[in-house]
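Q: Take a look at this one; I'll ask things after.
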Amino acid sequence: MSKGKVWKYGDDVNTDVIYAGKYTYQQLKPEEMAARALEDLDPGFAKAVKPGDVIVAGKNFGCGSSREQAAACLRAAGVQAVVAKSFARIYFRNAINLGLPVLQCAEAVDQLNAGDEVEIDFAGGKILSGGRVFTFPPLPESVIGILEAGGLLEWTKKKHQFR
Amino acid sequence: MGLTFSEKVLSRKAGRPVRAGEVITVAPDYYLSHDNSSAIIGEFKKLGLKKVVAPGKIVIVLDHIVPAADEKYAQNHKVIREFVAEQGIPNFYDIHAGVCHQVFSEASFALPGRVIMGSDSHTTTYGAFGAFSAGIGRTEMASLWATDEIWLRVPETLRIELSGRLPHGVYSKDVILKIIGDNGADRANYEAVEFAGPAAADLSLASRMVLTNMAAEMGAKNGYFAPDDKTLDWLKARAKGDYEIVRSDPDANYEAVLKYDVSGLEPQIACPHTVDNVKPVTAVAGKPFHQALIGTCTNGRLEDLEVAARILKGKKIHPRVRTLVLPASREVYLDALKKGLIEIFLEAGCVILNPGCGPCLGAHEGILAPGEVVVGTSNRNFKGRMGGRDSEIYLASPATVAASALEGKITDPRTYL
Ligand code: SF4
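From first to last, the protein sequence lines stand for chains A and B. All letters in the first sequence, in the order written, are residues 1 to 163 by my numbering. All letters in the second sequence, in the order written, are residues 1001 to 1417 by my numbering.
What follows is the structure, encoded as structure tokens:
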């Protein structure tokens, strides 16, 4: 478990403000994508974010387009997880398949504030912060495997080496 | 607290009780892909594997651009045929069969309680038969071919209760357009949509498929009708495998319940450029247009062609309108032929297209020129989907489209029925 700081945002954070449309057809390296993360929502984010930090947001996070970079850029920026009240369907799938944990936990969203220190226990389904514990349905082993492998394709390849 | 249909089916597959919000890993019963199989094959090859894990679960239907419209599409089809032969995939339907969702249903892969994944957003359709079916991406499909495993988030369920009797000239397409118009294109984001109530039970299976097909246009992961006598009748004639009927518990936990009395409903139409921009047909009646389309996976079944033929019989299409009729499958085409419907369409001046997706996705067979307007029975009207960037797409029932084709302008079908 790594510790990180909370970045807090509201409802309906869309894929355009996470990763601007004008970059979607440029082939950028992960660190270049990270430098553009949340550009139109929080211009200070990309410079200040540290590995292990956690994004906490309201409902419908990742609504809008199906662009995978909106998940990839946050992972490249070192974001440990996104905790939200709910996620747009395609964003949720893209995020896990690209190795970015997305957790639904309304209680944590209501109580956590920007700057709070948090730790996440993925297999145990717990978010810990300053003595408070918030629970979410634990992720199954195979999904943790996908996240740890760094994404679905890497996981599929790895799985086959063991067959 | 009881369980919803989706919670029950996925609990069975996961081998333990699961609730909405949980993420589980399952081995689906079938996975469907179409012309995009060539892209999936490309992804699959990147994994460096020789063989797919479960060839018997793969169902491939060529429907999107059939017969191939150019060399590029022909090459895609060739790659797919070679892969099918090399991998020994038994369930392959070449260009003669029809739209994947209709073919998949007719071939009885869509059975109650089955878990089906498809790399097409309208895979939601099979909920009409009581199956759990959802759309996925191409990379996910390649991984599924390689592992026979996929992770799924158990969806919350939105229940829509339909009561009353559909008035004359009003159909299931009007019902779903009204629901999407009232609630917005993302109302059911990541949710299951369960259609219930006496007016849902009154619908034929073909009409139920219109609702589950278009549940995708509310953002739904899957749609669902509880199997009843009508479902069992359909299955009696077709079901090849075994199946298990799964229903929501009476005290299941729903995200919300929406209630609609369909008795007062008027014919509806989705206006450019979003499916939730819905108005009563009377509000846009008189708008001239250039092309009519009757068919697709949404409304290309026999009952749809029958309604259209009833309106067109012995009459002539307006000279300014090109009318395309697109049976959803070869089976539908043959039935329509035997019933004399094809003759009625030809005499009225329609063009009959081969079963498949036809112009629905804007790749061939009836592309719109810039500025042209189409009134069709398909399910999407996104900007430029059927041709030129500034062309316009209106979506309505087969009756509305047929009546409009006669008049050359958008027309309330009730006067023709
Ligand atoms: S008919 Fe249209 S909506 Fe249906 S599968 Fe084909 S392209 Fe998709």
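We treat Cβ as the ideally placed atom computed from N, Cα and C, and that holds for glycine. Since the model is a prediction, treat every value here as computed from it, not as a measurement.
Return the chain-ordered ranges of every beta strand (DSSP E) run that is complete within the segment 1257–1339 of chain B and spans a minimum of 3 residues.
A: 1268–1270, 1278–1280, 1291–1295, 1322–1326
Q: When you compare the CB of A/Ser142 with every CB in chain B, is at least one pair closer than 8 Å?
A: With 8 Å as the cut-off, A/Ser142 counts as an interface residue toward chain B.
Q: Does any heavy atom of the ligand SF4 sit closer than 7 Å to the C-beta of B/Val1099?
A: yes
Q: Closer than 7 Å: is that where the CB of A/Cys63 sits relative to any heavy atom of the ligand SF4?
A: Relative to the ligand SF4, A/Cys63 has its C-beta separated by 7 Å or more from all heavy atoms.
Q: Decide if B/Ser1263 is buried, meaning its Cβ has at least 16 other Cβ atoms within 10 Å, or exposed.
A: exposed
Q: Give the secondary structure of B/Tyr1394 by DSSP, where H, G and I count as helix, E and B as strand, and everything else as coil.
A: strand
Q: Taking Cβ-Cβ distances below 9 Å as the criterion, which residues of the segment 1039–1057 of chain B are in contact with chain A?
A: Glu1043, Lys1046, Leu1047, Gly1048, Leu1049
Q: Indicate whether B/Ala1185 and B/Thr1274 have their beta-carbon atoms separated by less than 8 Å.
A: yes
Q: Starting from the Cα of B/Lys1287, find the closest Cα among B/Gly1356, B/Asn1299, B/Ile1393 and give me that residue.
A: B/Ile1393
Q: Applying the 10 Å Cβ sphere with the 16-neighbour rule, what's the burial state of B/Phe1382?
A: exposed
Q: Ordered along the chain, which non-local residues of its own chain (more than five positions away) have a Cβ less than 6 Å from that of B/Glu1372?
A: His1290, Ser1391
Q: Pairs of beta-carbons, one from the segment 1081–1089 of chain B and one from the segment 1206–1216 of chain B, closer than 8 Å: are there three or more?
A: The segment 1081–1089 of chain B makes no contact with the segment 1206–1216 of chain B: fewer than 3 CB pairs, one atom from each, lie closer than 8 Å.
Q: Could you tell me whether the segment 1303–1322 of chain B touches the segment 1397–1405 of chain B, where touching means 3 or more Cβ pairs closer than 8 Å?
A: Contact annotation: the segment 1303–1322 of chain B touches the segment 1397–1405 of chain B, with at least three C-beta pairs closer than 8 Å.
Q: Please indicate yes or no: does the CB of B/Ser1038 lie closer than 7 Å to some heavy atom of the ligand SF4?
A: No, since every heavy atom of the ligand SF4 falls outside the 7 Å radius drawn around the Cβ of B/Ser1038.
Q: Give the DSSP-derived three-state secondary structure of B/Met1386 in the structure shown.
A: Correct three-state label for B/Met1386: coil.
Q: Pairs of beta-carbons, one from the segment 1098–1118 of chain B and one from the segment 26–46 of chain A, closer than 8 Å: are there three or more?
A: no
Q: Taking 7 Å as the cut-off, is the C-beta of A/Thr156 nearer than that to any heavy atom in the ligand SF4?
A: no
Q: Could you name the residues of the segment 1212–1242 of chain B whose beta carbon sits closer than 7 Å to any beta carbon of chain A, in the order they occur along the chain?
A: Gly1219, Lys1221
Q: Of all Cβ atoms in chain B, is any one closer than 8 Å to the Cβ of A/Thr170?
A: Beyond the ends of chain A as shown, which are 1 and 163, falls residue 170 of chain A; an answer cannot be given.
Q: Determine the chain A residues that contact B/Ala1146 at a beta-carbon separation under 9 Å, and present them in chain order.
A: Going along chain A in sequence order, the residues near B/Ala1146 (Cβ under 9 Å) are Thr156, Lys157, Lys159, His160.
Q: So with CB distances below 8 Å, who are the chain D contacts of B/Gly1127?
A: Included in the structure are the protein chains A and B, with no chain D among them.
Q: Quick one: using the 10 Å Cβ neighbour count with 16 as the cut-off for buried, is B/Gln1102 buried or exposed?
A: Burial call: buried.
Q: With a threshold of 7 Å, establish whether the CB of B/His1096 neighbours any heavy atom of the ligand SF4.
A: no
Q: Looking at the secondary structure, which residues open and close the beta strand (DSSP E) in which B/Val1375 lies?
A: B/Val1375 -> beta strand (DSSP E) spans 1373–1376.
Q: Listing by chain order, which chain A residues have their CB less than 8 Å from the CB of B/Tyr1190?
A: Result: Ser86, Phe87, Ala88, Arg89, Phe92.
Q: Residues in the same chain with beta-carbon distance under 8 Å from B/Val1018, minus the five sequence neighbours each way, listed in chain order, please.
A: Closer than 8 Å at Cβ, skipping near neighbours: Glu1007, Leu1010, Ser1011, Ile1024, Val1154.
Q: Kindly indicate which three-state DSSP category A/Glu119 falls into: helix, strand or coil?
A: strand
Q: Looking at the strands, I want to know which residues DSSP matches up with B/Gly1118.
A: Answer is B/Leu1032, B/Gly1135, bridged to B/Gly1118.
Q: Please list the residues of the segment 1178–1210 of chain B that have a C-beta atom closer than 8 Å to any C-beta atom in chain A, keeping them in chain order.
A: Asp1186, Asn1189, Tyr1190
Q: Comparing the CB of B/Asn1379 with every heavy atom of the ligand SF4, is any distance shorter than 7 Å?
A: yes
Q: Using DSSP with H/G/I as helix, E/B as strand and the rest coil, what is B/Gly1002?
A: strand
Q: In the structure shown, what three-state DSSP assignment does A/Ile127 receive?
A: strand
Q: Can B/Gly1314 and B/Thr1377 be called in contact, C-beta distance under 8 Å?
A: no
Q: Counting along the chain, where does the alpha helix (DSSP H) carrying B/Arg1081 start and finish?
A: 1071–1087
Q: If we ignore side chains and look at the alpha-carbon of each, how far apart do A/Leu100 and B/Val1026 end up?
A: 21 Å
Q: Check the Cβ of A/Gln104 against every Cβ in chain B and list those closer than 7 Å, keeping chain order.
A: Gly1021
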